[in-house]
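Quick notes on the structure that follows.
Number of protein chains: 8
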Amino acid sequence: MNPSYIRKTLESLQRGKINLDEAINKLKSLPYEDIGFAKLDHHRQLRRGFAEAIFCPGKSLEQIKEISKKIISRGSPFLATKANETIFKAIHAIDSSAIYYPEARMIVVQKTKPLLKGHIVILSAGTADIPIAQEAAVTSLVYGSKVTTIFDVGVSGIHRLFSHQHILAAARVIIVVAGMEGALASVVAGLVSKPVIGVPTSIGYGANFGGIAALLTMLNSCAGGVAVVNIDNGYSAGCIAHLINIEEENAD
Amino acid sequence: MNPSYIRKTLESLQRGKINLDEAINKLKSLPYEDIGFAKLDHHRQLRRGFAEAIFCPGKSLEQIKEISKKIISRGSPFLATKANETIFKAIHAIDSSAIYYPEARMIVVQKTKPLLKGHIVILSAGTADIPIAQEAAVTSLVYGSKVTTIFDVGVSGIHRLFSHQHILAAARVIIVVAGMEGALASVVAGLVSKPVIGVPTSIGYGANFGGIAALLTMLNSCAGGVAVVNIDNGYSAGCIAHLINIEEENAD
Amino acid sequence: MNPSYIRKTLESLQRGKINLDEAINKLKSLPYEDIGFAKLDHHRQLRRGFAEAIFCPGKSLEQIKEISKKIISRGSPFLATKANETIFKAIHAIDSSAIYYPEARMIVVQKTKPLLKGHIVILSAGTADIPIAQEAAVTSLVYGSKVTTIFDVGVSGIHRLFSHQHILAAARVIIVVAGMEGALASVVAGLVSKPVIGVPTSIGYGANFGGIAALLTMLNSCAGGVAVVNIDNGYSAGCIAHLINIEEENAD
Amino acid sequence: MNPSYIRKTLESLQRGKINLDEAINKLKSLPYEDIGFAKLDHHRQLRRGFAEAIFCPGKSLEQIKEISKKIISRGSPFLATKANETIFKAIHAIDSSAIYYPEARMIVVQKTKPLLKGHIVILSAGTADIPIAQEAAVTSLVYGSKVTTIFDVGVSGIHRLFSHQHILAAARVIIVVAGMEGALASVVAGLVSKPVIGVPTSIGYGANFGGIAALLTMLNSCAGGVAVVNIDNGYSAGCIAHLINIEEENAD
Amino acid sequence: MNPSYIRKTLESLQRGKINLDEAINKLKSLPYEDIGFAKLDHHRQLRRGFAEAIFCPGKSLEQIKEISKKIISRGSPFLATKANETIFKAIHAIDSSAIYYPEARMIVVQKTKPLLKGHIVILSAGTADIPIAQEAAVTSLVYGSKVTTIFDVGVSGIHRLFSHQHILAAARVIIVVAGMEGALASVVAGLVSKPVIGVPTSIGYGANFGGIAALLTMLNSCAGGVAVVNIDNGYSAGCIAHLINIEEENAD
Amino acid sequence: MNPSYIRKTLESLQRGKINLDEAINKLKSLPYEDIGFAKLDHHRQLRRGFAEAIFCPGKSLEQIKEISKKIISRGSPFLATKANETIFKAIHAIDSSAIYYPEARMIVVQKTKPLLKGHIVILSAGTADIPIAQEAAVTSLVYGSKVTTIFDVGVSGIHRLFSHQHILAAARVIIVVAGMEGALASVVAGLVSKPVIGVPTSIGYGANFGGIAALLTMLNSCAGGVAVVNIDNGYSAGCIAHLINIEEENAD
Amino acid sequence: MNPSYIRKTLESLQRGKINLDEAINKLKSLPYEDIGFAKLDHHRQLRRGFAEAIFCPGKSLEQIKEISKKIISRGSPFLATKANETIFKAIHAIDSSAIYYPEARMIVVQKTKPLLKGHIVILSAGTADIPIAQEAAVTSLVYGSKVTTIFDVGVSGIHRLFSHQHILAAARVIIVVAGMEGALASVVAGLVSKPVIGVPTSIGYGANFGGIAALLTMLNSCAGGVAVVNIDNGYSAGCIAHLINIEEENAD
Amino acid sequence: MNPSYIRKTLESLQRGKINLDEAINKLKSLPYEDIGFAKLDHHRQLRRGFAEAIFCPGKSLEQIKEISKKIISRGSPFLATKANETIFKAIHAIDSSAIYYPEARMIVVQKTKPLLKGHIVILSAGTADIPIAQEAAVTSLVYGSKVTTIFDVGVSGIHRLFSHQHILAAARVIIVVAGMEGALASVVAGLVSKPVIGVPTSIGYGANFGGIAALLTMLNSCAGGVAVVNIDNGYSAGCIAHLINIEEENAD
């Protein structure tokens, strides 16, 4: 808990601006809103630098609608991941400015477009990895990062990557999205002095084991400077890349 | 291959400053030095922003000595990871300014200390996780990042973490080192708007499976913004954290 | 086999109240009823403190109906887990007092409501974990425990948990239901001096491996005092929490 | 954070008994002691009902000694797990009342023996499982529970278990320690209406996979009412069993 | 290759009863029939003591029909495993004496019923394990073994098993079919001096991992004398149990 | 990058045949064609000896059509793997000479049939393994290798294999396709002095784990000279077998 | 519990030969002897057809000596598995007739040699698999089975097996011991109409995973009639093979 | 069995050159020599194109000596893999021309050096992978292939590989030895039209899992034309590369 927040509260108590019970209440927890089956964390945008996203699988349509209404009504940017057409229709009925990115399987409601800052480069190894790359791209864009995407530059024809080296050189952080054997992340990290975020995808079959092969490849990268998010988790890659990208603005 | 490097070489050829064979030689590859069993990548410091490190396990003492001599003679900062006392003695015989960090199991030879920039905060969950945290800290420091370490703030007594929140708030990037169930990374990522690099350690037993439990925990973090390096790989965490930390200086 | 039961039987034999074959029969086994494809364990309620539950998957509708008729006709409370609408209709046709909890996927027939005793607190980390938390809650309630549920208090916004600490303090046992990285169980166990039963759920994707990530997290909890049931097994968590909760009434 | 603790502190502030800075200090965190590489959680005994234990592997002897001195000097009961002869000698030099249980691999310093309450029964399947059973027993005893141990009652000769059924009936909670296939936990849970805590051990070989076989067996118990701790983690089993055992004394 | 078969063939050659090419042909291989996509092993019944069975998954309906016609026309008993209603209709059109066992998912065509010999006892732990138990039972019966089945005698109410001990005592070999934690095999093997064949089933969920839990339990049985077949492979259990059961008739 | 290609380009620059920018462009990368979501590697046929194949899963129909048009319009032989009827119709609409192999799940467009060279023998263990064997066969044939297939020669009736030994003896390379336990590869490698390429298939169930059993069997072959491709990857087996088969023609 | 045993006891009670307490005592459990840390199951030889064996790992030398003394003093045949020279010396001091089989790592004390019956054939694939094959052989011999061993007949030179087919034909049951890929079990089961017990060994490296490769191979045998024991568990294979071998003598 | 061999034998029989028993003997099996614990396959060199190698782990020194004497006395080239200094001394005592390659851990006895044919190129990614690369090199050389080795060309500095492309172009087959993430095999296969044999090594730590990461990477190579041998199995890679390399000489 932030000492200055405590100080301010205690001074209000000392000065009689608030009474004892009000002070206890303020100190007992940070603010959130309780809607029964979900506790919305409106404080997150301040605390974490980006809005709360809804991970759709496992939630009922009713729950998604209820949560969405609350978030949208607060004016925060709204993101839903691993969504589908049905969920989009429900969100669209709540706010007609909602946009659906079917390839990325994301829904976005964003009243004010942020000024795009910095530069994130997102590479994908194969055509089938594009949806996850798009998920990362939409996430970073919504949160306010400038994004360049380069698709289909996997290591089976590595010269395709080399002709884009000047773009890599201009990035503040690079996201590498790759399934099958996932070797692209190591090769990129060996080429440039940039933080590389690897996103293994579940593309492949057999001993790919739903993305484990690519995950292990990236974790064992012989080139230092690669960190990895969960299989198919373009959203999380977009979050951390955005945080890295905007860090200089925020730093003390 | 860098276009400006090509341009400069070709102009030299056009202007007759170099002949055809010299041009071919320059273009055929980036510079490295071949010592038979190893090809030293002296170009790496320019290309990647940090010097070549030696991962000691699996290399003979003779090989380590041979590689070390070459690197040290070039004046690059020198790092050896997962080293031991015997290897240190051999390096120390080559250059008496070599320093050994026994807890971190690292050897460093660095003629000029870099000016420390930015701010990396490194947290460890338990006392037994400290060696890996130290490995990350030494790495970041040698490459030129300012580092603060906070040890023993695991979730079994989570109030120990909360009293350090102001330090977390001042970081550009946070490294979380944790074994056993590795829950600390999620909790930290839920508290701050900073990139979090998780380092699972092999501390624990039974269904810990040598660090897999902590690895999976961190990969599945419910709080977006965590990326993970290999189990016990403090070095790689130090590299990527350093790259994130200094990015603002380098950005276009 | 219970010595007093043996003694009573043998005395009856000595006194001639029963003959040799009757005695053998009584001693050969504890009572159960054989309906061919299932052996109903009517003795279980006495022996185990709770009624027999039907685990629906893998059983044909005919088998479920047959088993249900027998149990309901005995007047025992009846529970079916991982059930669906079709099964509910079949049970409802047998006994119209049957209740279906669609979220928990449970069917209950209970003629006499038990007096609720003690206090079990059930926490769930995310909205998608609620069905398994409900399964645990229904189980505990049917068997006679008082239950409080608190949903959506996962570690990505850990302050949501802290404002409920007084409820945790009032519990005799706490069930923590969490998917993804499952870190909530460790955090709770670090806060209170209560037995904590962890229920990992299969919510998540990629390296979650259908709940293994959360399972390993809970098994490796750095805070002592957590024990774990099978992935998605809210029923079993409800059983053991109820047994813990009512233990003081039963103890010698 | 405990509301009554906050209230008391705030009232002191209102009444001028303490000044603003003192109040901030008290509220900023729960008390712990920082010795650099470890943050001792002296508050734990109040918060969790049992003292802090040291898990020895991965800690240097120097660290163990430093931590031990601090804990012992506070007068809290002291426990070290997975210890060895060397560690014991070091602790014994600090406090000559230290006792070493070589089979359980535990060291205990306890100035005042607690009054033993309730009743925990600890079963082990094979002779080789005894050390882990002893670890659970010592833990429960030190914390203040009455313990009965029954060794070598595995399912390969199941009649050995049945002759002890009256002891099982008198327990408030049962710990079952078993390696190899770990079937004993299911059989015990099928016999009695008591909470059963399963401790899989790494005893066995081949497809036992260091205890995974027994772990999975216990997690999949067909008899409801079994919860499981980590492989070979007798300490954690002792903690949760103690919490269950003493719950009635503590309950609201 | 059988020496007496070679001798007879060579004598025929020496005596001029067959010519060189005939002899080569006889010696080059044992008889089978090639139908392009399958090589029917008509010799198997002699060599292996039971007829060739068709494992249906992965084969097209056309292939199954073609293979079935050939086998049935030879008069061998015919078995198809993991079959369905559609496949049954196709076989029935070929031979109207075909019988379908929907629970066991087997199709049988058998012109002459064999005299049933010996005694195999098949136990199943839960109601949901019955289909695999039936698959084993049908297999053994078709090949000529006498079979007794006892269903629903799992360890959660172990007294149900004990009342059948006299039947176990009369068996030559016992098949134990169990899912979930699969503990029944160990308990049975601890009770009787009979070969026990364990069949783990995929019944269960979560950390059952589709039958791995039960498989490992049976492989690690603390009671010697248990051997295990593949998960859900009732057919293979029926084969080996039949071979054990009839061995005495065949032995030299 | 090929030195002679560099020399030719630089000489053109020296002689003024091309200007500086043209030279840079030629040197910066090898030729490929960018269609946005895919970068077609037309250079591959020269570089790798076989045309680019489309792996269909994970690509949208629109993407497949777009890629196919480009490849077919270049006159290269065209291959699509793991295809279906719908994809075939789309390709057929682009080029009516397209052929669909439903069992192998492949689509081929090939204007000029190559002269078939060398000799690849492809064995499959069971009838259900044939589709993967066909995938390997179609691949090798399209690229220009002579192929002989022998189906259903698994080790459960090993004499079926032995009667084909003269065909094995005539092969330059042998592909062994086998599911279940995959033992055929070891047996074949023990019989002949030929390179053996193993293709494990996902045929089987239970502890087959979708082909892992066969994969491990082949990797652990006690007979040297077996190398393995991914589970169900007939295409890759066809590629490497073709490369081995034609090597003598290509060798310097 | 055996009905005839109950009948006899009850008749004694009815006839006044024993009093009530004596009857209760007799009925309460089968006889075993309690030596504190172990409960010796002297009844096992009657119940299971073979004596109790000591699995040495995890037991202290003191425990092994204590258990051994009791068993040897009863005159039962005594077996210790996975033993070493030190343990042997301790047993030899108790009974000088003890024999140590260093390759099989077994210790045997057997006063009266049993008449060897039936015929078990034990095959091993490689020279390194011999110790486990010897463990199975010693076990079967001590319990009274006739045993023939054939070593080094693995599938890398499969003709070595074929020349022993007449010995296989004379067996009542065949044990196949194989590491690496473990293909031998399938090949043997495809050749003969005998029950085959597979023993995977941990011989091999890399993707052998300590015997898992061979274990999976044997479980997935395409030839019906193979059942498998744990990795390296020659003892258990010897037990079940003996039970199968002597079954005809015992059958009703 | 080879038809021409049968024909020749039968003609001898017809012509009276051999008698019936001699013919039976010749036909019953292919020749091997039985030394009790091992059956030497002297026929292998003819059948398989290379001599029998001894895999040392798991064999006693006595067994290795016995086997070696027999092989060496036959004049076949002799290879022992995964050997050590002690074994070498024993072999050297048998034949003083024995050579030990300590890095490759191989012992070779070869009286006549073969004429080296063709061209195998062996690449290793890191310095620590060299021993396995050497094992492959020695194997290929002994069997008669010309070998070029290029060490330390891993993807963390990929330009080191590109400067050797002309050597790759001259190979008939390429072996790629790589640990950590093993990405080198994919990159090489994407560059050249040569069969690539991947050898994953166990170099690395954490989520490398003793080489599984590299193994999966290679199996999932997005570039067709890679086949893989077991982790650390340089010997098997040398065998299959040699077979591929010499195939043209042998082909019909």
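Residue numbers (our numbering), protein chains in the order written: chain A, 91 to 342; chain B, 91 to 342; chain C, 91 to 342; chain D, 91 to 342; chain E, 91 to 342; chain F, 91 to 342; chain G, 91 to 342; chain H, 91 to 342.
We put the beta carbon where it would ideally sit given N, CA and C, even for glycine.
Here the structure is a predicted model, which means the values were calculated and not measured.
Beta-carbon neighbours of residue i, restricted to chain G and to distances below 8 Å
{"i": "Ser276 of chain F", "result": "Val245, Ser246, Glu271 and Ala273"}
Range of the contiguous beta strand (DSSP E) that encloses residue i
{"i": "Tyr233 of chain B", "result": "Note, Tyr233 of chain B: premise wrong, no beta strand (DSSP E); alpha helix (DSSP H) at Ile220 to Tyr233."}
{"i": "Ala259 of chain C", "result": "Premise fails: Ala259 of chain C lies in the alpha helix (DSSP H), Gln255 to Ala259, not in any beta strand (DSSP E)."}
{"i": "Ile144 of chain B", "result": "Ala143 to Phe145"}
Other residues of its chain near residue i: CB distance less than 6 Å, five sequence neighbours each side excluded
{"i": "Arg195 of chain B", "result": "Lys172 and Ala173"}
{"i": "Ser119 of chain G", "result": "Residue confidence for Ser119 of chain G is low, a pLDDT of 41 falling below 50, so the modelled location carries little weight and cannot support an answer."}
{"i": "Gly272 of chain G", "result": "Pro290, Ala304, Thr307 and Met308"}
{"i": "Ala327 of chain D", "result": "Ala226, Ile265, Ile287, Val289 and Val319"}
Proximal residues of chain F, C-beta to C-beta of residue i below 7 Å
{"i": "Asn310 of chain G", "result": "Met270, Glu271, Gly294, Ala297, Asn298 and Ala303"}
Cβ neighbours of residue i in the same chain (closer than 7 Å, five flanking residues each side left out)
{"i": "Ala275 of chain D", "result": "Val266, Ala268, Val286, Gly288, Met308, Ser311 and Val316"}
{"i": "Gly244 of chain C", "result": "Ala215, Gly216, Ala268 and Leu274"}
Contact set for residue i: own chain, Cβ-Cβ below 8 Å, skip 5 residues either direction
{"i": "Val207 of chain D", "result": "Note on identity: in this sequence residue 207 of chain D is Lys, with Val being the wrong assignment. Gly234, Ser235, Lys236, Asn335, Ile336 and Glu339, listed in sequence order."}
N-terminal and C-terminal residue of the alpha helix (DSSP H) that residue i is part of
{"i": "Leu206 of chain A", "result": "Where Leu206 of chain A is concerned, there is no enclosing alpha helix (DSSP H), given that its DSSP letter is neither H nor E."}
{"i": "Gly280 of chain H", "result": "Leu274 to Leu281"}
{"i": "Ala297 of chain D", "result": "Unbroken run through Ala297 of chain D: none, as it is neither H nor E."}
{"i": "Met270 of chain E", "result": "First-last for Met270 of chain E: undefined, no H or E at that position."}
{"i": "Thr176 of chain E", "result": "Glu175 to Ile184"}
Listed by chain order, chain C residues near residue i by CB distance under 7 Å
{"i": "Ile287 of chain D", "result": "Ala317"}
{"i": "Gly106 of chain B", "result": "The contacting residues do not exist; Gly106 of chain B stays about 58 Å from chain C at best."}
Identified DSSP bridge partners for residue i
{"i": "Met196 of chain A", "result": "A:Tyr191"}
{"i": "Pro290 of chain D", "result": "D:Ala268"}
Residue i: contacting residues in chain G (beta-carbon distance under 7 Å)
{"i": "Gly148 of chain H", "result": "Ala218 and Ile293"}
Contact list for the region 207-219 of chain E against chain C, Cβ threshold 7 Å: Thr217 and Ala218
Interface positions of the region 310-325 of chain G facing chain D (Cβ-Cβ less than 8 Å), listed along the chain: Asn320, Ile321, Asp322 and Asn323
Contact list for the region 253-266 of chain D against chain E, Cβ threshold 7 Å: none
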